[in-house]
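Undergrad:
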Amino acid sequence: MNIVVCVKYVPDATADRQFESDNTVDRVGVDGLLSELDEYAVEQALQLREKREGEDIEITALCVGPEKAVDAIRKALQMGADKGVHVVDDAIAGSDSVATSLVLAKAREKIGAEKKVDLVMTGMASTDASMSVIPAMLAERLELPQVTFASVVESQGEVFRVRRDGDTATEIVEGRLPMVLSVTDQTGEARYPSFKGIMAAKKKPLETWALSDIGVEADQVGLSASWTAVEGTEARPPRTQGEIVTDEDGSGATALVDFLASKKFI
Amino acid sequence: MSEILVLVDHVDGAVRKPTLELLTLARRLGEPSAVFIGDASQGADTLAKHGAEKIYVVDDAEIKPYLVAPKAEALQQLVEKTGAAAVLIPSSAEGKEIAGRLAIKIGSGVITDAVDITSDGGTPVATQSVFAGNFTVTGKVTKGTPIITVKPNSAAPEEVGAAGTQEQVSVTISDAAKTAKVIKSEPRKATGRPELTEAAIVVSGGRGTGGDFAPVEGFADALGAAVGASRAAVDSGWMPHAFQVGQTGKTVSPQLYVAAGISGAIQHRAGMQTSKTIVAINKDEEAPLFELVDFGVVGDLHKVLPAATEAVNARKG
Ligand SMILES: Cc1cc2nc3c(=O)[nH]c(=O)nc-3n(C[C@H](O)[C@H](O)[C@H](O)COP(=O)(O)OP(=O)(O)OC[C@H]3O[C@@H](n4cnc5c(N)ncnc54)[C@H](O)[C@@H]3O)c2cc1C
Ligand SMILES: Nc1ncnc2c1ncn2[C@@H]1O[C@H](COP(=O)(O)O)[C@@H](O)[C@H]1O
Numbered sequence: 115m116n117i118v119v120c121v122k123y124v125p126d127a128t129a130d131r132q133f134e135s136d137n138t139v140d141r142v143g144v145d146g147l148l149s150e151l152d153e154y155a156v157e158q159a160l161q162l163r164e165k166r167e168g169e170d171i172e173i174t175a176l177c178v179g180p181e182k183a184v185d186a187i188r189k190a191l192q193m194g195a196d197k198g199v200h201v202v203d204d205a206i207a208g209s210d211s212v213a214t215s216l217v218l219a220k221a222r223e224k225i226g227a228e229k230k231v232d233l234v235m236t237g238m239a240s241t242d243a244s245m246s247v248i249p250a251m252l253a254e255r256l257e258l259p260q261v262t263f264a265s266v267v268e269s270q271g272e273v274f275r276v277r278r279d280g281d282t283a284t285e286i287v288e289g290r291l292p293m294v295l296s297v298t299d300q301t302g303e304a305r306y307p308s309f310k311g312i313m314a315a316k317k318k319p320l321e322t323w324a325l326s327d328i329g330v331e332a333d334q335v336g337l338s339a340s341w342t343a344v345e346g347t348e349a350r351p352p353r354t355q356g357e358i359v360t361d362e363d364g365s366g367a368t369a370l371v372d373f374l375a376s377k378k379f380i
Numbered sequence: 224m225s226e227i228l229v230l231v232d233h234v235d236g237a238v239r240k241p242t243l244e245l246l247t248l249a250r251r252l253g254e255p256s257a258v259f260i261g262d263a264s265q266g267a268d269t270l271a272k273h274g275a276e277k278i279y280v281v282d283d284a285e286i287k288p289y290l291v292a293p294k295a296e297a298l299q300q301l302v303e304k305t306g307a308a309a310v311l312i313p314s315s316a317e318g319k320e321i322a323g324r325l326a327i328k329i330g331s332g333v334i335t336d337a338v339d340i341t342s343d344g345g346t347p348v349a350t351q352s353v354f355a356g357n358f359t360v361t362g363k364v365t366k367g368t369p370i371i372t373v374k375p376n377s378a379a380p381e382e383v384g385a386a387g388t389q390e391q392v393s394v395t396i397s398d399a400a401k402t403a404k405v406i407k408s409e410p411r412k413a414t415g416r417p418e419l420t421e422a423a424i425v426v427s428g429g430r431g432t433g434g435d436f437a438p439v440e441g442f443a444d445a446l447g448a449a450v451g452a453s454r455a456a457v458d459s460g461w462m463p464h465a466f467q468v469g470q471t472g473k474t475v476s477p478q479l480y481v482a483a484g485i486s487g488a489i490q491h492r493a494g495m496q497t498s499k500t501i502v503a504i505n506k507d508e509e510a511p512l513f514e515l516v517d518f519g520v521v522g523d524l525h526k527v528l529p530a531a532t533e534a535v536n537a538r539k540g
């Protein structure tokens, strides 16, 4: 089985994230890393391989992003992915989800030209844009079944069954390979790279492709080709800390209820 | 006036509140037309009362088990048929996926998770809250028919009374759209409490509850509030995932948010920091959540909440 896991390089959520003057996300000034939600996709790909012992399963980590984004692929390789593909091109900067999904789809095509791709895996959302649309867009572009927001993944042969905890119901969804599968952070903690994994990753194949390698024109991507435009960004005024009381023999509850009453919540 | 398509979110025919909010927003842009996939007999009146001039009914016998792809196809056919000026979709996981597929199908830009929509001469301008709620961003779709998914509580439903003329629409669904299928569905049990994303007050518990949610639920019931949880509480199996507040759970923006035994990690804040008033109860005075609160109690939630519940109930008399 040939698995492609889409991994995104994102600004660290615990750092001070900012916008550039052109209203794009500052991806250079802030430290970045492999989107934590994509670690779950890498983890599930690795677990799939472990569960289906004896099968020949190859895992490729695919990332579209600036030079530094190669760190995201490295992390996936350290965790246990076999190969990396990094699509990097100046023209890509500022791409929206529509353009990003095009680049991912075309890269998947090129990977598939060598060896048929059975499974495209993604995280449930990127931790920066958090749109959760790329998996659906990929399924649409690749004309593949889409099985998304899986919290439990089970498979037998070509058939995949996942559990999906929706807003109003819990569903069991079934799909058949080839398909697009996105997994949530409920699938279970992602492993840390081991020392052995970190050493092994250095020798794993990592290819760097430009847009021309995958047959995408520069004017199909980037900020100018974006189908959406940000008009303004504004920092939310920081919240100011209110009163903090320390509970002593029930004083905390009284003060709390007085506060709620003063705000007319009671 | 141009038509604005609003995809109806319903549970077995009962229209959910976010759809009514979308009708309010749609009226700012043009004439709302509801798109009802399923049996509309129960919901049509509600939609008309809240501003739907037209209701396109797509019988879903064939579509129902097949997830989002056929719904995107149905919307595509309706956009082409009506020449709609925009498509508004509730911002659920499913809604965002429908939006993503539709965008590729009709060659249009998409904006997700809008918290408000205004009109610039009929062109929708969407407001989003990003980076864990630290920034507000406004934006437009610049190509094709704007597709915007909108979060719950972005507008107040308004009773305006509209024609609500029903029109049956048949759509053709490609085989490719039928390849992923729901084989089992278990509706979530009703808790008798308000919906988390719709509630005016939310009381959440975290790891600090130690697994005992009774004090949290008791306080919530005294205030008529919904119950929420941190991921630590969900991961421990104390609460179902549907109750999780935060980056990978629900975003809530109630009048009052009470966090008990929750430290305030960035991923939790992402789901609650736009709440109007925030209250925290935590035994650690250094808990980061205290930085955001309007009122905080340093203390043991197992003591503070039951006492506060009693006091609230006494006041209500
Ligand atoms: C990709 C990703 C996504 C995530 N998404 C989410 C999300 O959607 N929602 C979310 O909540 N988290 C999310 N998290 C997890 C988040 O980082 C925190 O781990 C989590 O929010 C911690 O939950 P907590 O505050 O309940 O637990 P802790 O951080 O362990 O805090 C427990 C608090 O309870 C206090 N306490 C203990 N006993 C008592 C007592 N008797 N009385 C009063 N206070 C007490 C302690 O002082 C402490 O402050 C995510 C993490 C990642 C990496
Ligand atoms: N630039 C990218 N490179 C690789 N994968 C991506 C990229 N952007 C998004 N993805 C994948 O798509 C998923 C959903 O992203 P999004 O729709 O942006 O929330 C992520 O979890 C990734 O798996």
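Protein chains in written order, with the numbering used here: chain A, 115 to 380; chain B, 224 to 540.
Here a beta-carbon is modelled for each residue, glycine too, at the ideal position from N, C-alpha and C.
Fair warning: this is a prediction, and the values are worked out from it, not measured in the lab.
1. In the segment 332-351 of chain B, which residues sit with their C-beta less than 8 angstroms from some C-beta in chain A, listed in chain order?
2. DSSP on Y289/B, reduced to helix/strand/coil?
3. Take P369/B as the anchor and find which of P380/B, L298/B, F358/B, V425/B has the nearest alpha-carbon.
4. In terms of residues, what are the limits of the alpha helix (DSSP H) holding H200/A?
5. Considering only residues of the same chain and omitting the five flanking positions on each side of A400/B, which have a CB-CB separation below 7 angstroms?
6. Going by C-alpha distance, which of Y480/B, E303/B, S264/B is nearest V238/B?
7. Could you tell me which of I171/A, G194/A, T368/A, S211/A sits nearest to K316/A, measuring between CA atoms?
8. By a C-beta neighbour count over all protein chains shown, 10 Å radius and 16 as the cutoff for buried, is V234/B buried or exposed?
9. Classify R538/B: buried if its beta carbon has 16 or more other beta carbons within 10 angstroms, exposed otherwise.
10. Using the Cα positions of G318/B and D361/A, report the straight-line distance between them to the nearest angstrom.
11. Do you know offhand how far T474/B's Cα is from T497/B's?
12. Using a Cβ-Cβ distance under 9 angstroms, would L151/A count as near chain B?
13. Does ligand 2 have even one heavy atom less than 8 angstroms from the beta-carbon of D152/A?
14. Whose CA, out of K412/B, D435/B, L301/B, T350/B, lies closest to the CA of I278/B?
15. Once DSSP output is grouped into helix, strand and coil, what is the label at K318/A?
16. Does the distance from the CB of T402/B to the CB of G271/A come in under 9 angstroms?
17. Run the Cβ filter for me: residues under 7 angstroms from any heavy atom of ligand 2, listed in the order they occur in the chain.
18. Would you kindly work out how many angstroms separate the C-alpha atoms of G198/A and G434/B, rounded to a whole number?
19. From which residue to which residue does the alpha helix (DSSP H) around N206/B run?
20. Return the chain-ordered list of same chain residues with a C-beta closer than 7 angstroms to the C-beta of I329/B, the five sequence neighbours on each side being excluded.
21. When the cut-off is 9 angstroms and only beta carbons count, does V516/B lie next to chain A?
22. State the DSSP-derived secondary structure class of E169/A, mapped to helix, strand or coil.
23. Using the beta-carbon count (16 or more within 10 Å), is K378/A buried or exposed?
24. Give a single yes or no on whether A129/A has its beta carbon closer than 8 angstroms to a heavy atom of ligand 1.
25. Consider the C-beta atom of V471/B and the heavy atoms of ligand 1; say whether any pair is separated by less than 8 angstroms.
26. Rounded to whole angstroms, how far is the Cβ of I321/B from the Cβ of L230/B, which I believe are closer than 8 angstroms?
27. My output table needs one value for Q355/A: the three-state DSSP class, helix, strand or coil.
28. Within 9 angstroms (strictly less), CB to CB, does L245/B reach chain A?
29. Going along chain B, which residues have a C-beta under 7 angstroms from K381/A?
30. Is the distance from the Cβ of L270/B to the Cβ of A249/B below 9 angstroms?
31. Over the uninterrupted beta strand (DSSP E) stretch that includes V297/A, give me the two end residues.
32. Got a sec: which bits of the segment 284-318 of chain B sit with their beta carbon under 8 angstroms from any beta carbon on chain A, in order along the chain?
33. List the DSSP bridge partners of M235/A.
34. Determine whether the beta carbon atoms of L528/B and A349/A lie at a separation below 9 angstroms.
TA: This is what the structure gives:
1. G332, V333, I334, T335, D336, V348
2. On the second sequence, residue 289/B is found 66 positions in, with the first residue counted as 1. Y289/B: helix per DSSP, three-state reduction.
3. Translated into positions along the second sequence, residue 369/B becomes position 146. That would be L298/B, whose Cα lies nearest to the Cα of P369/B.
4. Counting from one through the first sequence, the residue named residue 200/A turns up at place 86. From DSSP, H200/A is part of no alpha helix (DSSP H) but of the beta strand (DSSP E) over 197-201.
5. One-based indexing of the second sequence puts residue 400/B at position 177. Correct list, in chain order: Y289, A292, P293, E296.
6. If you number the second sequence from 1, residue 238/B lands on position 15. For V238/B, the nearest C-alpha among the options comes from S264/B.
7. Within the first sequence, numbered from 1, the residue matching residue 316/A stands at position 202. Of the candidates I171/A, G194/A, T368/A, S211/A, the one whose C-alpha sits nearest the C-alpha of K316/A is G194/A.
8. Counting from 1 along the second sequence, the entry for residue 234/B is found at position 11. Exposed, because fewer than 16 other Cβ atoms sit within 10 Å of the Cβ of V234/B.
9. Translated into positions along the second sequence, residue 538/B becomes position 315. Flag for R538/B reads exposed.
10. In the second sequence, counting from the first residue as 1, residue 318/B sits at position 95. In the first sequence, counting from the first residue as 1, residue 361/A sits at position 247. So the alpha carbons of these two residues sit roughly 45 angstroms apart.
11. Along the second sequence, read from residue 1 onward, the residue named residue 474/B stands at position 251. Along the second sequence, read from residue 1 onward, the residue named residue 497/B stands at position 274. Cα to Cα, T474/B sits roughly 9 angstroms from T497/B.
12. Residue mapping note: residue 151/A aligns to position 37 of the first sequence, counting from 1. So yes, L151/A belongs to the interface.
13. Your numbering for residue 152/A matches position 38 in the first sequence. Yes, Cβ of D152/A sits closer than 8 angstroms to a heavy atom of ligand 2.
14. Working through the second sequence from its first residue, we reach residue 278/B at position 55. That would be L301/B, whose Cα lies nearest to the Cα of I278/B.
15. One-based indexing of the first sequence puts residue 318/A at position 204. K318/A falls in the coil class under three-state DSSP.
16. Taking the second sequence and counting its residues from 1, one reaches residue 402/B at position 179. Taking the first sequence and counting its residues from 1, one reaches residue 271/A at position 157. No, the Cβ-Cβ distance between T402/B and G271/A is not below 9 angstroms.
17. C120/A, V121/A, K122/A, S149/A, L151/A, D152/A, A155/A, L176/A, C177/A, V178/A, G179/A, S211/A, T214/A, L218/A, T236/A, G237/A, M238/A, A239/A, S240/A, A243/A, S244/A, M245/A, S246/A, V247/A, I248/A, P249/A, S296/A
18. The sequence position of residue 198/A within the first sequence is 84, counting from 1. The sequence position of residue 434/B within the second sequence is 211, counting from 1. One C-alpha to the other measures close to 42 angstroms.
19. Past the edges of chain B, shown from 224 to 540, lies residue 206/B, and the structure says nothing about it.
20. Position 106 of the second sequence, counted from the first residue, corresponds to residue 329/B. Once the five neighbours on either side are set aside, the close Cβ partners of I329/B are Q299, V302, G367, T368.
21. Along the second sequence, read from residue 1 onward, the residue named residue 516/B stands at position 293. It does: the Cβ of V516/B has a partner Cβ on chain A nearer than 9 angstroms.
22. In the first sequence, residue 169/A corresponds to position 55, counting from 1. DSSP places E169/A in coil when its eight states are reduced to three.
23. Translated into positions along the first sequence, residue 378/A becomes position 264. Looking at its Cβ environment, which holds fewer than 16 other Cβ atoms inside 10 Å, K378/A is exposed.
24. By one-based count along the first sequence, residue 129/A stands at place 15. The answer is no for A129/A.
25. The count along the second sequence starts at 1 and reaches residue 471/B at position 248. One point to set straight first is that residue 471/B is Thr, not Val, in the sequence displayed. Under cutoff, so the answer is yes.
26. In the second sequence, the residue the question calls residue 321/B occupies position 98. In the second sequence, the residue the question calls residue 230/B occupies position 7. With 8 angstroms as the limit, I321/B and L230/B qualify as a contact, their Cβ atoms being about 7 angstroms apart.
27. Translated into positions along the first sequence, residue 355/A becomes position 241. Three-state DSSP puts Q355/A in coil, outside helix and strand.
28. Against the second sequence, residue 245/B aligns to sequence position 22. No, L245/B does not count as interfacial toward chain A.
29. Residue 381/A cannot be examined here, being either before or after the span of chain A that is shown, 115 to 380.
30. For this step, residue 270/B is matched to residue 47 along the second sequence. For this step, residue 249/B is matched to residue 26 along the second sequence. No. Outside cutoff.
31. Position 183 of the first sequence, counting from 1, holds the residue named residue 297/A. Here the beta strand (DSSP E) through V297/A covers 293-297.
32. L290, V291, A292, A295, S315, A316, E317
33. The residue you call residue 235/A lines up with position 121 of the first sequence. Answer by DSSP bridge pairing, in chain order: V119/A, L295/A.
34. Sequence index remark: in the second sequence, residue 528/B carries index 305 (1-based). Sequence index remark: in the first sequence, residue 349/A carries index 235 (1-based). No. Outside cutoff.
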